[in-house]
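Asks: Protein sequence lines, in the order shown, are assigned to chains A and B. Read in this note's numbering, the first sequence has 188 at position 102, and its numbers run on one by one without any break. Read in this note's numbering, the second sequence has 221 at position 135, and its numbers run on one by one without any break.
Protein chains: 2
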Amino acid sequence: MLESGPVVMITTASGGRANIMTQSWHTMIEFMPPLVGCVISDRNHSFGLLKSTRECVINIPTAEIAEKVVGCGDTSGATVDKFAKFGLTPQPAELIGAPLIEECYANLECRVTDTKMVSRYCLFVVEVIKAWIDPAVKDPRTLHHLGKGSFMVAGERIKLKSGMK
Amino acid sequence: MLESGPVVMITTASGGRANIMTQSWHTMIEFMPPLVGCVISDRNHSFGLLKSTRECVINIPTAEIAEKVVGCGDTSGATVDKFAKFGLTPQPAELIGAPLIEECYANLECRVTDTKMVSRYCLFVVEVIKAWIDPAVKDPRTLHHLGKGSFMVAGERIKLKSGMK
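(1) Let me know the secondary structure DSSP gives Asp160 (chain A) once reduced to three states.
(2) Note down the Cα distance separating Gly101 (chain A) from Glu195 (chain A), rounded to an integer number of angstroms.
(3) How big is the Cα-Cα spacing for Glu89 (chain A) and Gly233 (chain A)?
(4) DSSP three-state call for Asn105 (chain B): helix, strand or coil?
(5) If you pair each beta-carbon of the region 211-224 of chain A with each one of the region 183-198 of chain A, do three or more pairs fall below 8 Å?
(6) Identify the continuous alpha helix (DSSP H) that holds Lys168 (chain A) and give its terminal residues.
(7) Should Lys245 (chain B) be labelled buried (16 or more other beta-carbon atoms within 10 Å of its own) or exposed?
(8) Residues in its own chain within less than 7 Å of Gly183 (chain A) by CB, not counting five upstream and five downstream?
(9) Where do the N-terminal and C-terminal ends of the alpha helix (DSSP H) with Gly134 (chain B) fall, by residue?
(10) Could you give the C-beta distance for Ala240 (chain A) and Gly241 (chain B), rounded to a whole number, given that I count them as a contact under 8 Å?
(11) Given a limit of 7 Å on CB to CB distance, which residues of the region 199-224 of chain A reach chain B?
(12) Under a three-way DSSP split, which group does Ala152 (chain B) fall into?
(13) Should Ile115 (chain B) be flagged as near chain A, meaning a C-beta pair shorter than 8 Å?
(14) Which residues does DSSP pair with Ala179 (chain A) in a beta bridge?
(15) Can you name, in chain order, every residue of its own chain whose Cβ lies under 7 Å from the Cβ of Gln177 (chain A), other than the five neighbours on each side?
(16) How would you write the range of the beta strand (DSSP E) that Ser127 (chain A) sits in, first residue to last?
(17) At a cut-off of 7 Å, is Phe210 (chain B) close to the ligand FMN when judged by its beta-carbon and the heavy atoms of the ligand?
(18) Taking buried to mean at least 16 other C-beta atoms within 10 Å of its own C-beta, is Val93 (chain A) buried or exposed?
(19) One question on the structure: do Ser248 (chain B) and Gly123 (chain A) come within less than 8 Å of each other, judged by their Cβ atoms?
(20) Strictly under 8 Å for the Cβ-Cβ distance: is Val239 (chain B) near chain A by that measure?
(21) Measuring only between beta-carbons, confirm whether Glu89 (chain A) sits less than 8 Å from chain B.
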C-alpha cells in the first residue's frame, strides 16, 4: 500500500560497466537542496557500485516499457548486462559517470551526500544535481508497485485549489 | 515526479486532542519488521506531537475525499481541529493513542523506533504494529501528489510475471 510511488530504475557504473536496478523505496527529503532518500539493499549488485562511486541516475520509466522494468528487477547485475539483455540505451550523463536510460521520460543525475544511514537501513541520501525530462511526454503513465509483480498505472489527473508546494 | 507515492494522512494525539497532517514524503525501509521512513517538517504542528508521543497512524485516503485531504494539508493543527472542520471521524486505535480516520480505506498504527535522523532531516523511522484495511475497497483510487495541488488518481492495474516481493 505504501510503496506505490513511481517505480524508478537506478543506474550506476564503475570500470566501464553500467548496471540498472528497479526500485520503489524512495522518498523526497528536502526541496532545497533537492534531497532524496533511496533504500538499496546490500543484497543488490548496485549497493557496492553506489557506495564506491557515490553517483547514480534515478530514471523514471512508464508503462510502455513495463516488461523491461520488471526484467531489470528480476535479474542481477552481477551476472547480466541489463542494457544489452533488455534492449535499453545508455546515454552519457552530464555531471556524473553513471548513464541515463534513454527510454525513460525523466532522468535525475544524483550524488550521494550522506551515508550515515547505510549500515543500519541501506538508506542513501542523494542530491539531485541535474534533471532531464522529455517535454513531449504530457501525462506520463508511471508505474506504481503494489507488490509481487502487480502494478498500478498512473490514472487521471485532478487539480485542486491548494497552497501545497 | 518522485513524490507521487500515495498521499497519506498522519494522525497524532496528545492531551485528548488529535491532529491530522497530509503528507507524501515517506518510503518503505524494511519488510521485517515493517519499517517506514516519514519526513515530517519541524514547521508542522504534528512534528512536536509525534516527537513527544512517538505514536501515529498512517491513514491512506482515496480520491472520494480529495478535498478533505487537501484541506488538512492547507491548515495547521495549531489553530484548527481538523476532524471537526473537515467532517472526518476519529476511531480509537487498538495499540496506540492516536486515532484512525474512519473515512480512509487503510490505517496503519505505528510506533517511532528511531529518531536519529530527525534533527538533520526531520525523518522519523516508524514501525507498523497493526494494520487495518477495508476489504470492500477493491482497487482503491489512491491520490498521488504531482505538486502544487495537482494529483494523479490511481489508474488501471496490471500484473506481470515477476519474482519481486
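All C-beta atoms, glycine included, are put in the ideal place defined by N, C-alpha and C.
Replies: Here's the rundown:
(1) helix
(2) 18 Å
(3) Interpretation of Glu89 (chain A) is limited by its pLDDT of 48, a score under 50 that renders its predicted location unreliable; the figure taken from the coordinates is listed afterwards. Taking the straight line joining both Cα atoms gives about 8 Å.
(4) strand
(5) yes
(6) Where Lys168 (chain A) is concerned, the enclosing alpha helix (DSSP H) stretches over 168-172.
(7) Lys245 (chain B) comes out exposed.
(8) Ala99, Thr139, Glu141
(9) 131-139
(10) About 6 Å; that satisfies the 8 Å criterion.
(11) Met203, Tyr207, Leu209
(12) helix
(13) yes
(14) Its beta-bridge partners do not exist; DSSP assigns none.
(15) So the list reads Pro185, Leu186, Glu188, once near-sequence residues are dropped.
(16) Run containing Ser127 (chain A): none; DSSP gives neither H nor E here.
(17) As for the ligand FMN, it is missing from this structure, which has no ligand bound.
(18) buried
(19) Taking a C-beta distance under 8 Å as the contact criterion, Ser248 (chain B) and Gly123 (chain A) do not qualify as a contact pair.
(20) yes
(21) With a pLDDT of 48 at Glu89 (chain A), under the threshold of 50, the predicted position of this residue should be treated as unreliable, though the coordinate-derived value follows. Yes, because at least one Cβ of chain B sits closer than 8 Å to the Cβ of Glu89 (chain A).
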